[in-house]
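With full-length UniProt numbering applied, the sequence shown covers 1 to 213.
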Amino acid sequence: MVDVPVDQLTGAVDGVRARARGQLVEAGLELFGVYGYAQTSEQDLCEMAGVPVEALRDEFGSREGLLMALHNQITTAGLRASEVALLSEGMDDCPLEQRFRRLFHAYVSAVTRDLREARVTFVEVLGVSPAVDAHCKRWRDLWTDFLTGEAERAAVRGEVAERDHRVVVMVMVGTVHELMAHHARRPRRARPDEVTEELTKLGLAMLGAEMAD
């Protein structure tokens, strides 16, 4: 009998788990994003992923846990894309309208590059359970913090009025998600620049700023 080092065994187990997790994520994206969360069972997910049901329970706890993990993955990509845009060259010198356009375009491009991702993020998470609702609220709060910071910087620049912008931004974030859900449900795919223009107009209007002529 050959003794196998513990770290080698651990690495092999970790590799198997990582593959199972990746296969489940891909299966969830395909089934939730094409057929819908309500129409997808745990058995469906595991059959497509080629893993036992125990793997789903071990990695995500449940079908609902997988949905939230997918939402996390996609929404994180959108937030990071917006952060990269915010830190890009020349951004500090842009007027508010251009900053909003660049931020929204980065976000929209990241979360709509795959129609399945857009459907999961903006449609399939709606009304699933109190736990999923709380999960989505935490993400809306993060976006509210992010955009409130932009509104406050715009106020310092004199581009919008000095006031407490957080409540307005909270409403704006909710409206942005409703608009994205609308586009995710449409049979015709809207181009990122079309959605970006809608979001830019919405953001400026809610902050009391005007579009340039």
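Even glycine gets a Cβ: it sits at the ideal position worked out from N, Cα and C.
Looking at the C-beta of residue i, does it have a partner C-beta in chain C at a distance below 7 Å?
| i | result |
| --- | --- |
| Leu67 | Of the protein chains in this structure there is only one, and it is not chain C. |
For the alpha helix (DSSP H) that residue i lies in, which residues bound it at each end?
| i | result |
| --- | --- |
| Gln39 | Careful: Gln39 lies outside any alpha helix (DSSP H) and carries neither H nor E. |
| Thr76 | 63-86 |
| Asp114 | Careful: Asp114 lies outside any alpha helix (DSSP H) and carries neither H nor E. |
| Asp58 | 53-60 |
Give the straight-line distance between the Cα atoms of residue i and residue j, rounded to the nearest whole angstrom.
| i | j | result |
| --- | --- | --- |
| Pro187 | Ala77 | 24 Å |
| Gly208 | Gly158 | 12 Å |
| Leu56 | Gln23 | 10 Å |
| Ala27 | Ile74 | 15 Å |
| Val108 | Glu30 | 20 Å |
| Arg19 | Arg116 | 21 Å |
| Ser88 | Arg185 | 32 Å |
| His177 | Val171 | 10 Å |
| Asp114 | Pro192 | 12 Å |
| Val125 | Asp133 | 8 Å |
| Asp93 | Gly174 | 28 Å |
| residue 215 | Ala205 | Only positions 1 to 213 of the chain appear in this structure, which leaves residue 215 out of reach. |
Assign residue i to one of three DSSP states: helix, strand, or coil.
| i | result |
| --- | --- |
| His182 | helix |
| Pro130 | helix |
| Pro192 | helix |
| Ala209 | coil |
| Leu199 | helix |
| Glu162 | coil |
| Val173 | helix |
| Gly15 | helix |
| Glu47 | helix |
| Glu89 | coil |
| Cys94 | coil |
With a CB to CB cut of under 8 Å and the five nearest residues on each side skipped, what residues in its chain are close to residue i?
| i | result |
| --- | --- |
| Arg101 | Thr196, Glu197, Thr200 |
| His165 | Thr148, Ala151, Glu152, Ala155, Leu207 |
| Val2 | The predicted model places Val2 with a pLDDT of 47, which falls under 50 and marks its position as unreliable; any figure quoted below should be read in that light. Answer for Val2: no residue qualifies. |
Give me, in chain order, the residues of the same chain whose beta-carbon lies closer than 6 Å to that of residue i; leave out the 5 immediate sequence neighbours on both sides.
| i | result |
| --- | --- |
| His135 | Met68 |
| Ala106 | Ala81, Ser82, Ala85 |
| Cys46 | Val53, Leu56 |
| Met48 | Ala27 |
Could you pull out every residue in the same chain whose Cβ sits closer than 7 Å to the Cβ of residue i, ignoring the five residues on either side in sequence?
| i | result |
| --- | --- |
| Val169 | Thr144, Leu147, Thr148, Ala151 |
| Val123 | Ala181, Ala184, Arg185 |
| Val4 | Here the model assigns Val4 a pLDDT of 48, short of 50, so the residue's position is not dependable, and the following value carries that caveat. None. |
| Glu162 | Ala155 |
| Gly36 | Glu124 |
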